[in-house]
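Numbering (our numbering), first residue to last: 17 to 467. Glycine included, each C-beta is placed from N, C-alpha and C at the ideal position. What you are looking at is a predicted structure, and each value in this text was computed from that prediction instead of being measured. Contents: one structure, followed by commentary.
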Ligand code: PMP
């Protein structure tokens with residue numbers, strides 16, 4: 017049942033928002049945010065009675081959908097008993113969340129440093145790597161996103177960095193593998209992988225290995241396009257890190273906690289980093305939480321000298337109680353296996369079938385509940401449906417595609433010339449089919465802009 021709240025309330029909410037809320041990543045006068053009245057499971061609705069199937073999971077974080085009753089109850093119970101307590105104390109919700117996370121992270125990553133979200137997790141991972149190695153530089157990939165704070169935005173390898181780049185953050189960017197738009201003139205995944213590793217080693221050599229603290233990669237790059245790395249790439253990066261004494265940081269803020277059909281994307285590639293960042297899915301974003309999972313070797317650096325960093329709300333009990341409940345729900349309700357099974361049996365095959373029928377779909381890639389459709393003007397030349405970082409009129413084809421999806425009750429994830437299919441990991445088969453049908457119709461609108 018979808019409640020039908022009063023449209024006048026919606027108008028009021030929106031007017032107050034427009035008067036006082038300063039929105040992220042936006043020209044304040046050019047946006048028109050939807051006033052949301054409520055949400056449950058895979059759906060949300062506005063004050064006009066329009067209901068949307070959320071193929072974005074918010075910002076790819078509601079991995080168990082909205083308002084899961086067990087997680088809501090756990091937050092309420094924690095609020096009733098111990099709403100907050102400072103990070104220097106041992107608190108049951110915090111220690112239990114750390115235990116459950118450490119139990120699931122790959123290999124021997126068994127100490128957890130809690131943050132408020134993803135970007136500050138990245139900031140701290142880099143600080144740990146620099147202090148551990150005594151080296152200044154970090155290598156990060158183009159086509160990546162690591163967060164909106166200063167160090168994290170400097171690491172980011174897409175236009176979200178441009179306006180904020182200080183240019184002095186000790187960051188060197190390199191190309192990770194992406195066969196569809198190869199930088200290496202590769203024709204196969206094997207070639208792409210080998211050449212990307214050779215490029216990375218050359219970058220290390222010319223930068224000077226003794227100056228490089230860390231290599232940071234999203235295990236599967238998310239907002240930049242869900243480029244699942246070819247087999248062997250991450251293992252190859254691991255080897256290079258070992259060879260040159262570099263800390264390997266995997267950013268699993270988006271890819272972690274079930275998104276790829278495994279607890280962590282690293283599990284898909286059998287690779288263990290030295291540091292791993294997480295946020296979002298750890299508690300489905302019900303209360304802000306992120307963190308860094310730390311290897312014994314890095315933890316040892318701070319065994320007898322203090323780690324010089326921290327946050328007032330590190331491991332906030334409400335957020336940690338939500339994490340404990342979320343992880344238990346994911347385990348008990350088979351959320352991770354649902355993402356894997358629906359991804360391989362339904363969503364992946366259906367998207368590939370759409371790609372065959374629609375001239376606007378250049379490539380489909382992904383795994384679990386983590387898929388991208390690359391929209392193109394021309395399948396032969398792979399010219400993107402809109403130019404890189406297009407705005408205004410140049411972006412009209414993607415806007416038309418988005419409007420068509422919404423008219424069909426689907427809330428789509430759109431970034432540049434791509435739409436990502438990233439619904440909650442516990443989406444049902446019927447819901448997924450409903451969303452795929454709406455996507456099919458919206459792609460027909462994108463098709464009108466092909467040549
Ligand atoms: N790293 C990755 C891979 C992300 O996807 C994001 C958020 N989209 C971040 C870091 C930053 O997380 P937050 O917005 O919670 O700071």
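Would you kindly check if the distance between the Cβ of residue 348 and the Cβ of residue 442 is under 8 Å? no
Cut-off 7 Å between Cβ atoms - residues of its own chain near residue 354, not counting five sequence neighbours on either side: 441 and 442
How is residue 455 classed by DSSP in three states: helix, strand or coil? helix
Please classify residue 33 as buried or exposed, where buried requires at least 16 other C-beta atoms within 10 Å of its C-beta. exposed
In chain order, each alpha helix (DSSP H) run of at least 4 residues that lies wholly inside the region 88-164: 108-120 and 134-149
Do residue 387 and residue 437 have their C-beta atoms closer together than 8 Å? yes
Tell me whether residue 161, by its Cβ, gets closer than 7 Å to a heavy atom of the ligand PMP. yes
Ranges of the alpha helix (DSSP H) found wholly within the region 403-447, counting only runs of at least 4: 412-423
Let me make sure I understand the geometry here. Which of 337, 66 and 75 has the alpha-carbon closest to that of residue 40? 75
What three-state label does DSSP hand residue 222 in the structure shown? helix
Once you ignore the five residues that flank residue 290 on each side, which residues in its own chain have a CB closer than 6 Å to its CB? 263, 264, 311 and 314
Integer Cβ distance of residue 185 from residue 167, believed to fall under 8 Å: 6 Å
What does residue 293 pair with, by DSSP beta-bridge criteria? 267 and 308
Closest by CA to residue 143, which one among 90, 229, 210 and 198? 229
Please state the DSSP three-state secondary structure of residue 177. coil
Helix, strand or coil for residue 255? Go by DSSP, reduced to three states. helix
Using CA atoms only, rank isn't needed, just tell me which of 459, 449 and 283 is closest to residue 364. 449
If you draw a straight line from the alpha carbon of residue 416 to that of residue 136, how long is it in whole angstroms? 35 Å
Tell me where the alpha helix (DSSP H) around residue 182 begins and ends. Careful: residue 182 lies outside any alpha helix (DSSP H) and carries neither H nor E.
Environment of residue 61 [buried if 16+ CB atoms lie within 10 Å]: buried
Am I right that residue 83 and residue 51 are in contact with their C-beta atoms under 8 Å? What's the rounded C-beta distance? In fact, because the Cβ distance is near 18 Å, the residues do not count as touching under 8 Å.
With three or more C-beta pairs closer than 8 Å as the rule, is the region 324-339 touching the region 84-97? yes
With a 10 Å radius around its C-beta and 16 neighbouring C-beta atoms as the bar for buried, classify residue 105 as buried or exposed. exposed
Residue 230 (DSSP reduced to helix, strand or coil): strand
Using CA coordinates, which residue listed in 300, 306, 235 and 247 is at the minimum distance from residue 276? 235
What residue range is occupied by the uninterrupted beta strand (DSSP E) comprising residue 355? Careful: residue 355 lies outside any beta strand (DSSP E), inside the alpha helix (DSSP H) at 351-358.
Short Cβ contact (8 Å threshold) for residue 267 with residue 227: no
Rounding to the nearest angstrom, what Cα-Cα distance links residue 129 and residue 308 in this structure? 5 Å
Please name the residue in 139, 195 and 281 whose C-alpha comes closest to that of residue 120. 281
Taking residue 455 as the reference, give the member of 389, 405, 295 and 399 with the closest Cα. 389
Three CB pairs or more closer than 8 Å across the region 364-377 and the region 421-431: no
Apply the 10 Å Cβ neighbour rule to residue 148 and answer buried if 16 or more other Cβ atoms are within range, or exposed otherwise. buried
Among 35, 131, 133 and 115, which residue has its Cα nearest to the Cα of residue 125? 115
Would you mind reading off the limits of the alpha helix (DSSP H) that contains residue 285? 282-285
With residue 62 as the anchor, note down where its beta strand (DSSP E) starts and where it stops. 59-62
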